[in-house]
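One structure is given here, and the rest of the page talks about it.
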Amino acid sequence: MTRSTLARRLPPILLALAASALIAGCGTGSSHHTPAQENQKVDAANSSPYRGTALSSPFAKPDLLLTDTSGKPFDLREQTAGKSTLIFFGYTNCPDVCPTIMGDISVALSKQPAAVQENTRVVFITTDPARDTPDKLGSWLAAFGKNFTGLSGDLEQVKKAALSLGISVEDPQTHHDGTVTSSHGAQVAAFWPSDDKAHVIYTSGTTLDDFLHDLPLLANSTRS
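Residue numbers (mature numbering (1 follows the signal peptide of the UniProt record, and there is no 0)): -24 to -1, 1 to 200.
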């Protein structure tokens, strides 16, 4: 997917966030922040209690029917309704970005009061469904905690869902040495439990302390 394609499909507010998605693939382990993206972070910090990027217009939760780690159908909207939901697109063979972000969220969540933990769900949607079977997803996510749900399904549907949130997902690429990489955005989309819409986006520069600070706010759906 090219930058011009993203520009045609995404609202202006998400263009800066999506720009880094094209080069934040786990295969390279690299990430990048554009000046516009950094400016959005500053603007959000000045007008919002969140350390993530607050969206002036929230986005609907993707309407997806996927498969969970037990092999059962999982209706994303229905089965996460009324919960603070963090959605991330990645894959289990990712050497750096995915485990780092999931690990930071896991540690931050483990330090929250019971009420916040109970009202928070983390959804990991694979961008490599051919290799990330339900069993493999389940085994990989088990290390992060019971609040983590792994989902797999049709990659084209997953790509469309990600794009609706300003997140780029590309088809996995097999290299000459047999390794497979999946280029995807490193953003985490955070949905409030009060309206099931994404009000905050976290980029690859988000720290453990940022998640520690924001998880209670997300669970309570408050800007104050």
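All C-beta atoms in this analysis are idealised placements derived from N, C-alpha and C, irrespective of residue type, glycine included.
Predicted model only: the values in this text are computed from it and were never measured.
Shown here for K37: same chain residues with a beta carbon closer than 6 Å to its own, the five before and five after excluded, namely R53, F167 and D172 in chain order. Contact check for V98 against T43 fails: the beta carbons are separated by 9 Å or more. Of the other Cβ atoms in all chains shown, fewer than 16 fall within 10 Å of the Cβ of Q149; this residue is therefore exposed. D104 sits buried, since 16 or more C-beta atoms from the chains shown fall within 10 Å of its C-beta. Bounds of the alpha helix (DSSP H) holding G79 are V73 to S86. CA-to-CA, the gap between Y67 and C74 works out to about 7 Å.
By the Cβ-count criterion, K122 is exposed, with fewer than 16 other Cβ atoms from all chains shown falling within 10 Å of its own Cβ. Bounds of the beta strand (DSSP E) holding R97 are T96 to T102. When the Cα atoms are used, G142 and F65 turn out to be separated by approximately 12 Å. Counting every other CB atom within 10 Å of its CB across the protein chains shown gives S24 a total of 16 or more, marking it as buried. Taking the Cα positions, L31 is about 16 Å away from S170.
In chain order, D186, H189 and D190 place their CB closer than 6 Å to the CB of R27, counting only its own chain and leaving out the 5 sequence neighbours on each side. With a beta-carbon spacing of about 3 Å, L113 and G126 fall inside the 8 Å limit used to define contacts. Counting along the chain, G114 sits inside the alpha helix (DSSP H) bounded by residues P110 to L117. Short of 7 Å from the beta carbon of L184, and not among the five residues preceding or following it, lie these beta carbons of its own chain, in chain order: D80, V83 and A84. Restricting attention to alpha helix (DSSP H) runs no shorter than 4 residues, the region 126 to 176 encloses them at 131 to 139, ordered along the chain. Here the C-alpha atom of H175 lies approximately 23 Å from the C-alpha atom of T76.
Assignment of D51 by DSSP, reduced to helix, strand and coil, places it in the strand class.
A residue is called buried when at least 16 other Cβ atoms come within 10 angstroms of its Cβ; A91 does not meet this threshold and is exposed.
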